[in-house]
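Chemist: Have a look at this one before I ask anything.
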Amino acid sequence: MPRVTLETLPDYARYLITAAEEAATHYPAARTVRLPRLELIAHAAPGVLAEALGHAFVEAEADLAEPSTCRIFTVHPGIGGIPEPAQWGDAHFTEYGFAERLAGAGLRGHYFHDLDFWQVYDPERRIGVQLMTSPDAFPPWEPTAPLRAFLHWEYAARGMRLTHAGTLGANGKGVLLAGAGGAGKSGTVAAGLLNGLDSVGDDYVLIDLAGGVTARPLFSTLKQDPQGFARLGLKQRLGIESPLNWQGKHTFHIADIAPRPVPAALDIVALVVPHIGGGEMSSIVPVSRRDAMIALAPSGIMQMPGERESGFRFFGDLTRQLPSYRLSLGTHPEEIAGTLADFLTRVVS
Amino acid sequence: MTRDCDAYAVASRDIVFESFDGEAVVLNLANGKYFGFSDSGSTVWQALSSGVDARALIGLNAGGSTLGAAELEHFISQLLELGLLVPSETAAQPLPGELPAELAATSEPLHVSIHDDLADLIIVDPIHEVEEPLGWPAVKQAS
Chain C
562 MPRVTLETLP DYARYLITAA EEAATHYPAA RTVRLPRLEL IAHAAPGVLA EALGHAFVEA
622 EADLAEPSTC RIFTVHPGIG GIPEPAQWGD AHFTEYGFAE RLAGAGLRGH YFHDLDFWQV
682 YDPERRIGVQ LMTSPDAFPP WEPTAPLRAF LHWEYAARGM RLTHAGTLGA NGKGVLLAGA
742 GGAGKSGTVA AGLLNGLDSV GDDYVLIDLA GGVTARPLFS TLKQDPQGFA RLGLKQRLGI
802 ESPLNWQGKH TFHIADIAPR PVPAALDIVA LVVPHIGGGE MSSIVPVSRR DAMIALAPSG
862 IMQMPGERES GFRFFGDLTR QLPSYRLSLG THPEEIAGTL ADFLTRVVS
Chain H
342 MTRDCDAYAV ASRDIVFESF DGEAVVLNLA NGKYFGFSDS GSTVWQALSS GVDARALIGL
402 NAGGSTLGAA ELEHFISQLL ELGLLVPSET AAQPLPGELP AELAATSEPL HVSIHDDLAD
462 LIIVDPIHEV EEPLGWPAVK QAS
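What follows is the structure in structure tokens.
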């Protein structure tokens, strides 16, 4: 089995892209997903990943801008011409060093050691490869937001950004809910959706800063831990015991609980940092932009491979464009949603 | 070796920072650690990171009191330990004319807080369960 080092990494990445393109006639099927300003063509063998490509996205309907196309090959050695994945050959590995080395060669990439799982992308040609040892040898988080890394690289190249935040809105205006895992983003989004508000996502949304802050949907999946699932009455609402994901959380889709179709975009009017308040009632008070930035940026930058500095600058620009608030979450979903709806009305007016 | 001045520079190109309403947020791109500064800390960081001689800051009003040598030395030693600054051998920059007034307008003492969200990453992506400066396969030790 070949071993790849930092020195040989760019050559290996280009080799994978060439091998995948040359094997193009061997792929069983391709799925086209229409996303904001992007047509994603994904080649995937039948299985969990291919199924995820069919239901994990919120597809864009009316997009005025002409989309460009990116093509991603999800491949394994069972496909003719596809090599066995290499292993990492240096004793030393850092995600940052790996990404910097590839960036110096005009490429992007990610490597997950446990599975010898490779993702490489050429942003200039908009072609990527996800190489796995077998069709199902992917990290457990992949089906929830499939090909997330490729979308991150492609949108970053256009000055947009996959942002680790939840969203809630009404009448086209919305707030961005920022914070690390456990801060209450997903529960707040679900509470809002169940009580008449809109959302374009509870985990990763696409942010564009051109002409104001705009959030667009990419992924349709929502998640709730069992306690939140019970508290929100989702078991009764959904009529099923939705499956638990690798984090032990229930997963379902925005459309399962949304009051209306997912909007194509929300104009973001405030950055809101939720936290579990401990009181019965919710409250919203201003917070410094410094604290809002620290709530927003770290997880969004560090959970994504590469593009760290551009992400830091992007989130800095985003934070400067919005007023920032801290939301102390009460205990009743209806009351939380009502507080946010009233807040939105005040901020917009 | 003694130095002719007490000037510093940003430790590497991996240290990046942004300022929000006068409050600085610093990120170490290499290990993902964030640093938030108090208002006086932000002003002093901006001065030190642009090469102002630290001795020029002593005795200025900051955070409601006079900035003492010991307090400043402690703050600088923190920034050195955190890998944000390194001593500079180049000529110090003059104290910007507006800086004393900006420092006098601050209300908090010198302070830098560390935000290490790697713990959150470990939940999301086990590849990050390493000590970044050491790299894989040096597995992050539970604290």
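From first to last, the protein sequence lines stand for chains C and H. Residues in the first sequence are numbered consecutively from 562, following the numbering used here. Residues in the second sequence are numbered consecutively from 342, following the numbering used here. For every residue, glycine included, the Cβ atom is placed at its ideal position computed from N, Cα and C.
Taking 8 Å as the CB-CB limit, is E443 (chain H) close to chain C?
Modeler: no
Chemist: Taking the alpha carbon of M842 (chain C) as the reference point, which residue from C:T900, C:P700 and C:F699 has its own alpha carbon closest?
Modeler: With respect to the C-alpha of M842 (chain C), the residue from C:T900, C:P700 and C:F699 having the closest C-alpha is C:T900.
Chemist: Give me the chain H residues within the contact set of I855 (chain C), using Cβ-Cβ distance strictly less than 8 Å, ordered along the chain.
Modeler: V366, Y375, G377 and H456
Chemist: With three or more C-beta pairs closer than 8 Å as the rule, is the stretch 618-637 of chain C touching the stretch 576-595 of chain C?
Modeler: yes
Chemist: Taking G877 (chain C) as the query, report the chain H residues whose CB atoms sit under 8 Å from its CB, ordered along the chain.
Modeler: E359, F361 and V366
Chemist: If you draw a straight line from the C-alpha of L708 (chain C) to the C-alpha of G735 (chain C), how long is it?
Modeler: 26 Å
Chemist: Using a Cβ cut-off of 9 Å, which residues of the stretch 774-787 of chain C contact any Cβ in chain H, in chain order?
Modeler: none
Chemist: Should L614 (chain C) and R598 (chain C) be called a contact, given that it needs their Cβ atoms to be closer than 8 Å?
Modeler: no
Chemist: Which first and last residues belong to the alpha helix (DSSP H) in which I643 (chain C) is found?
Modeler: Here I643 (chain C) belongs to no alpha helix (DSSP H), and DSSP marks it neither H nor E.
Chemist: Below 8 Å, how does it come out for the stretch 697-711 of chain C and the stretch 788-798 of chain C: are there three or more Cβ pairs, yes or no?
Modeler: no
Chemist: Can you give me the C-alpha to C-alpha distance between V774 (chain C) and Q882 (chain C), rounded to a whole angstrom?
Modeler: 8 Å
Chemist: By the three-class DSSP mapping on this structure, what secondary structure does Q797 (chain C) have?
Modeler: helix
Chemist: Three Cβ pairs or more, each shorter than 8 Å: is that satisfied between the stretch 887-906 of chain C and the stretch 371-383 of chain H?
Modeler: no
Chemist: Determine contact between the stretch 732-749 of chain C and the stretch 661-676 of chain C, defined as no fewer than three beta-carbon pairs at a distance below 8 Å.
Modeler: no
Chemist: So the alpha helix (DSSP H) R887 (chain C) belongs to, where does it begin and stop?
Modeler: Not the alpha helix (DSSP H): R887 (chain C) falls in the beta strand (DSSP E), residues S885 to L890.
Chemist: Taking the alpha carbon of A348 (chain H) as the reference point, which residue from H:L451, H:D457, H:A442 and H:V393 has its own alpha carbon closest?
Modeler: H:V393
Chemist: Can you give me the Cβ contacts of R907 (chain C) inside the same chain, cut-off strictly under 6 Å, excluding the 5 residues immediately before and after it?
Modeler: none
Chemist: With burial defined as no fewer than 16 other Cβ atoms inside 10 Å of the residue's Cβ, what is the status of S353 (chain H): buried or exposed?
Modeler: exposed
Chemist: I think A731 (chain C) touches L905 (chain C), with their Cβ atoms under 8 Å apart; what is that distance to the nearest whole Å?
Modeler: 6 Å
Chemist: In chain D, which residues lie with their C-beta within 7 Å of the C-beta of L370 (chain H)?
Modeler: No chain D appears in this structure, whose protein chains are C and H.
Chemist: Taking C-beta pairs closer than 7 Å, name the residues in chain H that T880 (chain C) reaches, listed in chain order.
Modeler: F361
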